[in-house]
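Residue numbers (my numbering): 219 to 626.
Here you go:
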């Protein structure tokens, strides 16, 4: 059988002169390691060794180029070990990816009613899930907005109430009555100050009634006047509730005339001066009080009575500027709140009566008044108040009895 290619001969043959002229001592300036030498040895072992005693041409080398330019040795570059490791890792990763993609069960799936759905069903399920998620977010946002709106509204109401309270406090503070420091103040000045104070007293009527607890009492009630201490504040207070079988108008008229009833007004009487106007009245009283174990004391009072009529009730504000001259000289402001409300005397009866609620409070006029001085004069203050209250009660009873007798 004939061959197409001549048989390669690996026997030693003479080399070309241009090749023989190369000297092993003149090499390429490229620096190479031992791997290139091993490659050269391999080539030499395969293709034979060159003639050792071949003639050399020192004048030229490869294409007539003069010496010392030589052709560098043929070398095969060997890849570094780290690059080989990187390529092997890439191959392993790509093979794993191909295996994953080719696996039939690794494809992402969507559950539709517990079973695999087609592409159309998957799109519908995705849209449904997106809409549900959007609706949940919208509902949560609306709930949060409602919560914030309610919070802001409550804060606004609190701020508005605080602002109203501050405005009222500033208004009352601006109208705060400055009582005279001189004991020789004229009656006209004291009455003018009492007239300024009466509106503040009327504005506090409901608050005082609620704080005392008698606003919800519909039966006779009586308490003794006592000295109260609350922190730095000291005052005397007395509460009273009476049920009277008389109309409201008669009781109000009797209270307004109680100071001058039964006695002639004059310099030597208990009531030294009395002035009656349409809605208010003024009076000046002087009383001498003797308490066992204490020095006699003179009590001078300027009184202002002011009535306010409403459909539900009639309120009488009685304010007095009292000066006590005894073992100590102190000045107290006495405030009386009379609330007269109509009531039915019996069930199913047309007879009208009234319920009279009374609150009496004494407070020091001078903030620097010593608590010890007030305690020392406490018996004189309470005794003087009881004398005045007895006079008022007797005057009211006499007037009401006279009115009842005149109507028979």
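Yeah, the Cβ is synthetic: ideal placement off N, Cα and C, and Gly gets one too.
- Beta-bridge partners assigned by DSSP to residue 456: 578.
- Remark: three or more beta-carbon pairs, one from each stretch, lie closer than 8 Å, so the region 450-459 and the region 568-584 are flagged as touching.
- In this structure, 435 is the residue among 435, 305, 472 and 479 with its C-alpha nearest to the C-alpha of residue 460.
- With contact defined as three or more Cβ pairs closer than 8 Å, the region 557-575 and the region 596-612 are not in contact.
- Bounds of the alpha helix (DSSP H) holding residue 466 are 466-474.
- With distances taken between CA atoms, residue 441 lies nearest to 432 out of 448, 449 and 432.
- By the C-beta criterion, the region 463-480 is judged not to be in contact with the region 585-596, since fewer than 3 inter-stretch pairs fall below 8 Å.
- Look at residue 314 here: in three-state DSSP terms it is helix.
- In this structure the region 555-566 lies against the region 520-539, because at least three pairs of beta carbons, one per stretch, are closer than 8 Å.
- Shown here for residue 473: same chain residues with a beta carbon closer than 7 Å to its own, the five before and five after excluded, namely 534, 556 and 614 in chain order.
- Taking C-alpha positions only, residue 412 is separated from residue 563 by approximately 36 Å.
- The residue from 342, 299, 469 and 552 with its alpha-carbon nearest to that of residue 525 is 469.
- Taking the Cα of residue 606 as reference, the smallest distance to any Cα among 586, 507, 616 and 340 is reached at 507.
- Rounded to whole angstroms, residue 375 and residue 387 show a C-alpha spacing of 18 Å.
- Taking C-alpha positions only, residue 522 is separated from residue 537 by approximately 5 Å.
- Rounded to whole angstroms, residue 382 and residue 509 show a C-alpha spacing of 48 Å.
- For residue 515 and residue 624, the gap between their C-alpha atoms comes out near 41 Å.
- In the displayed model, residue 496 falls within coil according to three-state DSSP, outside both helix and strand.
- Assignment of beta-bridge partners to residue 539 by DSSP yields 520 and 551.
- Judged by their CB atoms, residue 622 and residue 464 are nearer to each other than the 9 Å cut-off.
- Sequence-distant Cβ neighbours of residue 488 in its own chain, meaning closer than 8 Å and more than five residues away, are 481, 503, 504, 505 and 609.
- Under the DSSP assignment, residue 590 falls in the alpha helix (DSSP H) whose first and last residues are 589-594.
- According to the DSSP assignment, residue 445 belongs to the beta strand (DSSP E) that extends over 444-448.
- Within the same chain, 526, 533 and 535 come within 7 Å of residue 420 by CB-CB distance, once the 5 residues on both sides are set aside.
- Sixteen is the threshold: since fewer than 16 other Cβ atoms of the shown chains lie within 10 Å of the Cβ of residue 561, the residue is exposed.
- Contiguous alpha helix (DSSP H) elements confined to the region 360-431 occur at 405-421 and 423-430, taking only those with 4 or more residues.
- Residue state for residue 606 is assigned as helix, using DSSP reduced to three classes.
- For residue 443, the number of other beta carbons within 10 angstroms of its own is at least 16, and it is reported as buried.
- Within a 10 Å sphere around the beta-carbon of residue 316 sit fewer than 16 other beta-carbons, which makes this residue exposed.
- Across the set 311, 539, 346 and 569, the C-alpha of 539 shows the shortest separation from the C-alpha of residue 414.
- Ranked by how close their Cα comes to the Cα of residue 611, the residues 475, 314, 626 and 354 have 475 in first place.
- Of the candidates 544, 378, 497 and 372, the residue whose Cα lies closest to the Cα of residue 512 is 544.
- DSSP places residue 435 in the coil class of the three-state scheme, outside both helix and strand.
- Within the same chain, and ignoring the five residues on either side of residue 426 in sequence, the residues whose Cβ sits closer than 7 Å to its Cβ are 555 and 577.
- Under the criterion of beta carbons closer than 8 Å, residue 520 and residue 408 qualify as touching, at roughly 5 Å.
- Of the other Cβ atoms in all chains shown, 16 or more fall within 10 Å of the Cβ of residue 598; this residue is therefore buried.
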